[in-house]
Structure formats: structure tokens, C-alpha cells
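Trainee: Have a look at this one before I ask anything.
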Amino acid sequence: MEKRKIILLFLDLEGTILREEDGLYDDEEMYHFLEQIDKLQKNTNGQVKIHLVSPVYKDVMEKVMDRIDMNIHSYNRIHSSRGYIKEIEGAACYPEEGVQSEEFEGDRIVPLKRPINSQDFDTARYGKAHYVRNWYEAYDENVYTDIGMCIYCGNGRNDIAAIDYVNSRKNGFAVCPNNSRTDAKKRAFFVSEKKDLVGITEGIGAINERIEKRNVEQAINTKEAEEEQK
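Going by the working numbering, 93 is the number at position 101 of the sequence shown; the sequence numbering is gapless.
Put into C-alpha cells, the structure is as follows:
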């Protein structure tokens, strides 16, 4: 039985998808981002699974997810003859302000896991890494799926543990926009000269270029091998 190839894509929000100065993004910039996701699916013959991980409150996360899902639906309608980009699979964030909850009922959104060690005060850093690891392991253990690639896009110190985990996977890549902290940039496969969503789009584009180059080289090697056998 042939396994279904997937690409796990984890995205921070503030300073990555959303602009740091106003917490928003432009629809046109999101369209170009989705173009690269579309191209990534074609280059890998896989399905991108999008996840959001951010220390924002649940009501903010819900609004961002709904808007991105609307962008995805619009993109799919415009490009109905191409492949299909799926809506966001899941997300992790803080509960509503003032609420202490370890569970969200009936939702794609889960609370960021709190550190087991009481001395570790950085819930966002621990929670992001825990969320990424759980999803990776779930797909890795699934007999019906093959993780073709895992990508993490973030810009802050609380992204570092998640970036380190993704980098430890043989098929893992980290992407940082220009407005990222130095420690995050040092760990990235690609650091853009552009900020926020535009920078992330450029990073996914760089991964696409890498794949396309590899595919061309493989095609050339295959052709040369066939000619030698004649």
C-alpha cells in the first residue's frame, strides 16, 4: 500500500504571519504565500498540513484561523483546476484571558502545554515544541502517511525549542523572516531579507527552488543512466 505523503507546516503568528506593528496581514501577501504552498504540494506530490502555534489568546487565534481559511477557500476557487490546499488542520495558543483551562472542547485549537518543570516559566517555548513534536510523531507513527517534509516558520526566542526539534528531523527545515531574533536566525535553513509574511513566503520559495533543482538533477541522472544502458 502506497503511503500518503504529507508536508507539516508550523507557523508562528506575531512577526511571522502577522505584522509585529499592528497584528494584521494583507490579503495580497497571503495570496502569494498560498501560491508557494500550492507549488510546494506540486513539487513534492504531497499535501501540506498547516498548523498555527502562538502565545495569543484563543479569541485572537480563532479570528486569524477563520480569515486564513477564507483566503484558502478563495484561492482554491480561483485555481480550481490545480491541486487543493486544505484549511488549517490545527493550532495551539493560550486560553481566553483570565481563564485557566487545560482543554478546549470540540475545537481544532488546543491550549499551549505548560512546562512540567515548575522552574521553567516559558509556557510558549515549551508549548510550541510540545505541539510540534506531538503532531510530527502522530504522523510518523501513522502507517498510512509519510512525512515528506517538516517546516517551522518563526521569529522569536520562544520558537527556538520547536526549531531545534524540526532541525533534528532528517527532513526538517526552519525559516525566519528578517525581523527574527539572532538566536532563531542562527538555526534557520533560510533567513529572508524581508519581514513578516513576505519573508516567510520567500523562505517557502527557497525550499521550492531547492526541490526543483534536486528534481532536475535526478531527471538528468536518470536520463544519462538510461542512455548508458542502450
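Ideal Cβ placement from N, Cα and C applies to all residues, glycine included.
Look up residue 241 in the DSSP assignment and say whether it is helix, strand or coil.
Mentor: Since the first residue of the chain shown is -7 and the last is 222, residue 241 is not available in this structure.
Trainee: Please tell me whether residue 28 and residue -2 are closer than 8 Å, where the distance is taken between their beta carbons.
Mentor: As a working note, residue 28 is residue 36 in the sequence shown. As a working note, residue -2 is residue 6 in the sequence shown. No.
Trainee: State the Cα-Cα distance for the pair residue 209 and residue 1, rounded to the nearest angstrom.
Mentor: Residue 209 sits at position 217 when you count from the first residue of the sequence shown. Residue 1 sits at position 9 when you count from the first residue of the sequence shown. Taking the straight line from one Cα to the other gives about 26 Å.
Trainee: Curious, which full-length beta strand (DSSP E) runs of at least 3 residues does the segment 140 to 211 contain?
Mentor: Counting whole runs of 3 or more residues, the segment 140 to 211 contains the beta strand (DSSP E) stretches 164 to 168.
Trainee: Mind checking whether residue 143 and residue 199 have CB atoms under 8 Å apart?
Mentor: Walking along the sequence shown from the start, residue 143 turns up at place 151. Walking along the sequence shown from the start, residue 199 turns up at place 207. The answer is yes: Cβ separation under 8 Å.
Trainee: Among residues of its own chain, excluding the 5 on either side of residue 82, which ones have a beta-carbon nearer than 6 Å to its beta-carbon?
Mentor: For the purposes of this step, residue 82 is identified with residue 90 of the sequence shown, where counting begins at 1. Result list for residue 82: 43 and 100, in chain order.
Trainee: Can you tell me which of 24, 72, 166 and 103 puts its alpha carbon nearest to the alpha carbon of residue 51?
Mentor: For the purposes of this step, residue 51 is taken as the residue at position 59 of the sequence shown. Selected option, being the one with the closest Cα: 103.
Trainee: At the level of alpha carbons, what is the spacing between residue 116 and residue 66?
Mentor: For the purposes of this step, residue 116 is identified with residue 124 of the sequence shown, where counting begins at 1. For the purposes of this step, residue 66 is identified with residue 74 of the sequence shown, where counting begins at 1. Answer to the nearest angstrom: the Cα atoms are 32 Å apart.
Trainee: Below 8 Å on the Cβ atoms is my contact criterion, and I expect residue 114 with residue 147 to pass it. Report the Cβ-Cβ distance as a whole number of Å.
Mentor: If you number the sequence shown from 1, residue 114 lands on position 122. If you number the sequence shown from 1, residue 147 lands on position 155. The pair is not a contact, with the Cβ atoms about 16 Å apart (cut-off 8 Å).
Trainee: Under 8 Å by Cβ, that's how I've got residue 157 and residue 180 pegged, so tell me the actual separation to the nearest angstrom.
Mentor: Position 165 of the sequence shown, counted from the first residue, corresponds to residue 157. Position 188 of the sequence shown, counted from the first residue, corresponds to residue 180. Residue 157 to residue 180, Cβ: 14 Å. No contact.
Trainee: Output the boundary residues of the beta strand (DSSP E) element that contains residue 3.
Mentor: Taking the first residue of the sequence shown as position 1, residue 3 is located at position 11. Unbroken beta strand (DSSP E) run through residue 3: -4 to 3.
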